[in-house]
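In my numbering, the protein residues as written are 4 to 398. Even glycine gets a Cβ: it sits at the ideal position worked out from N, Cα and C. Here's the structure we're looking at; comments come further down.
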């Protein structure tokens, strides 16, 4: 049975939700991000704003210069998570194996579903229409024999696009792309390759693995040699084993400052714990993934006797695992946190007779804050460092 994967990506998600909820925003440039008067960055922007050169991760001050007439909004994470849940539920109607990799994108393993839904193209079009009809949002879909190619394909015809890479056509598909569209190849890497006279993918396809490794290092060279031939490098492979819930973040600029790394770990832990709370689950195993500037990816995990009870506990476990695996001083391109061995949260484990009760108290406080967040329609920051960061960055 030939594998079939969909990568489904919500188009300009945060901005699209704002336009959906505010009809007066439709057809106008909308920029979601931090305070333009401070050092915030653009979280996302509508396609109307992109025509003026605005893009994600751009400083808000620059976005104001490029598109001063845009509608600027700080964003509403609770609302985005709400719409994300609606979309993911639709995905689960099409596949028993949905791998959500961020709030606005997921992989669907569609292998063997042709008997239920018909050919992949027909199924993808049905899925797109279901999302539009039930949520008012549009998605772009990439279809391929592996996750990596499907992800690149979904970005080739945005918004509201559908690109299908036939089985066996992966290498030809990659050869026709500009180098900037190769996921995982940043600007600095492109500049290094161009400096060596390798400006196009056909140029690179003529290079040996050894030559690429000499230019980019062992991991970077192997990664590029592999993906240009349409082979999945395995970076989106699920954590495996028991059911897990994860989130990861690829940074526009590699992180080197330890405070920035810790803040990113805290924010990822908050997102993972928020999603666990939403589905009433908890877990015992924490998995941390680190990808360096040279594309080397390392991971580490540990299992615990007790279930994780709150986001600070998850952050502290992730930080400890990060410290165990991190090669000090190396720039970090990606961070990910997964909670594995998850199941229904039935109120935590039996409390230790010698426990001071602080874990139970922290859990109750976090549950109360989560309930209040649901009621008020927004996430409430529970950690002082997040509150401090939210003064400058989008929610």
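**Report entry** Backbone CA spacing between residue 262 and residue 81 [nearest angstrom]
**Finding:** Counting from 1 along the chain shown, the entry for residue 262 is found at position 259. Counting from 1 along the chain shown, the entry for residue 81 is found at position 78. Roughly 26 angstroms between the two C-alpha positions.
Report task. Decide if residue 332 is buried, meaning its Cβ has at least 16 other Cβ atoms within 10 Å, or exposed. Result -> Position 329 of the chain shown, counted from the first residue, corresponds to residue 332. Exposed, since its Cβ has fewer than 16 Cβ neighbours within 10 Å.
Report task. State the DSSP-derived secondary structure class of residue 147, mapped to helix, strand or coil. Result -> For the purposes of this step, residue 147 is taken as residue 144 along the chain shown, with counting starting at 1. Strand at residue 147.
Query raised in the report: Is the CB-CB distance between residue 222 and residue 298 below 7 angstroms?
Result: By 1-based counting over the chain shown, the position of residue 222 is 219. By 1-based counting over the chain shown, the position of residue 298 is 295. Contact: yes.
Query raised in the report: Buried or exposed: which applies to residue 290, given that a residue is buried once 16 or more other Cβ atoms fall within 10 Å of its Cβ?
Result: Taking the chain shown and counting its residues from 1, one reaches residue 290 at position 287. Buried.
Query raised in the report: Alpha carbon to alpha carbon, what distance is there between residue 37 and residue 22?
Result: Within the chain shown, the letter at position 19 stands for residue 22. Within the chain shown, the letter at position 34 stands for residue 37. C-alpha separation (whole angstroms): 18 angstroms.
Query - Distance, residue 19 Cα to residue 136 Cα - result: Position 133 of the chain shown, counted from the start, is the residue given in the question as residue 136. Position 16 of the chain shown, counted from the start, is the residue given in the question as residue 19. In a straight line, the C-alpha of residue 136 is about 15 angstroms away from that of residue 19.
**Report entry** For residue 52 and residue 29, the rounded distance between their alpha carbons
**Finding:** Translated into the one-based positions of the chain shown, residue 29 becomes position 26. Translated into the one-based positions of the chain shown, residue 52 becomes position 49. Whole-angstrom Cα-Cα distance: 12 angstroms.
Report task. Using three-state DSSP, classify residue 306 as helix, strand or coil. Result -> Start at 1 with the first residue of the chain shown, and residue 306 comes out as number 303. Note: residue 306 maps to strand in three-state DSSP.
Query raised in the report: Between residue 285 and residue 311, which are expected to be in contact by the criterion C-beta below 8 angstroms, what is the C-beta distance as a whole number of angstroms?
Result: For the purposes of this step, residue 285 is identified with residue 282 of the chain shown, where counting begins at 1. For the purposes of this step, residue 311 is identified with residue 308 of the chain shown, where counting begins at 1. Right, the Cβ-Cβ distance comes to about 6 angstroms (below 8 angstroms), so this counts as a contact.
Query raised in the report: With respect to the alpha helix (DSSP H) encompassing residue 232, which residues constitute its N-terminal and C-terminal limits?
Result: By one-based count along the chain shown, residue 232 stands at place 229. No alpha helix (DSSP H) contains residue 232, which DSSP labels as neither H nor E.
**Report entry** Other residues of its chain near residue 320: CB distance less than 8 angstroms, five sequence neighbours each side excluded
**Finding:** Position 317 of the chain shown holds residue 320. 289, 305, 307, 311, listed in sequence order.
Query raised in the report: Touching or not, the stretch 265 to 283 and the stretch 334 to 342, by the rule of three or more beta carbon pairs under 8 angstroms?
Result: The stretch 265 to 283 and the stretch 334 to 342 touch, with no fewer than 3 CB-CB distances between them shorter than 8 angstroms.
**Report entry** Three CB pairs or more closer than 8 angstroms across the stretch 115 to 126 and the stretch 205 to 223
**Finding:** no
Report task. Compare the Cα-Cα distances from residue 92 to each of 327, 6, 133, 55 and report the closest residue. Result -> Residue mapping note: residue 92 aligns to position 89 of the chain shown, counting from 1. When each option's Cα is compared against that of residue 92, the closest is 133.
Query raised in the report: What's the gap between the Cα of residue 194 and the Cα of residue 41?
Result: Here residue 194 corresponds to residue number 191 of the chain shown, with the count starting at 1. Here residue 41 corresponds to residue number 38 of the chain shown, with the count starting at 1. Distance between the alpha carbons of residue 194 and residue 41: 31 angstroms.
Query raised in the report: Within this structure, are the beta carbons of residue 114 and residue 6 separated by less than 7 angstroms?
Result: As a first step, residue 114 must be located in the chain shown, where it is residue number 111. As a first step, residue 6 must be located in the chain shown, where it is residue number 3. In this structure, residue 114 places its C-beta atom within 7 angstroms of the C-beta atom of residue 6.
Query raised in the report: Is it buried or exposed for residue 270, if we count other Cβ within 10 angstroms and need 16 for buried?
Result: Your numbering for residue 270 matches position 267 in the chain shown. Its Cβ being crowded by 16 or more others within 10 Å, residue 270 is buried.
Query raised in the report: If residue 174 and residue 166 are in contact, beta carbons under 8 angstroms, what's the gap, nearest whole angstrom?
Result: Sequence index remark: in the chain shown, residue 174 carries index 171 (1-based). Sequence index remark: in the chain shown, residue 166 carries index 163 (1-based). Between residue 166 and residue 174 the Cβ distance is about 16 angstroms, and since that is not below 8 angstroms, they are no contact.
**Report entry** Whole runs of the alpha helix (DSSP H) within the stretch 119 to 164, excluding any shorter than 4 residues
**Finding:** Those alpha helix (DSSP H) runs which fall completely within the stretch 119 to 164 and span 4+ residues are 123 to 138, 150 to 157.
Query raised in the report: Beta-carbon separation of residue 215 and residue 227 under 7 angstroms?
Result: Along the chain shown, read from residue 1 onward, the residue named residue 215 stands at position 212. Along the chain shown, read from residue 1 onward, the residue named residue 227 stands at position 224. Going by C-beta atoms, residue 215 is nearer than 7 angstroms to residue 227.
Query raised in the report: When you compare only the Cα positions, how much space is there between residue 141 and residue 4?
Result: Taking the first residue of the chain shown as position 1, residue 141 is located at position 138. Taking the first residue of the chain shown as position 1, residue 4 is located at position 1. The straight-line gap from Cα to Cα measures roughly 30 angstroms.
Query raised in the report: If you check the beta carbons only, do residue 101 and residue 87 fall under 7 angstroms apart?
Result: Residue mapping note: residue 101 aligns to position 98 of the chain shown, counting from 1. Residue mapping note: residue 87 aligns to position 84 of the chain shown, counting from 1. No, the pair does not count as a contact, with Cβ atoms beyond the cut-off.
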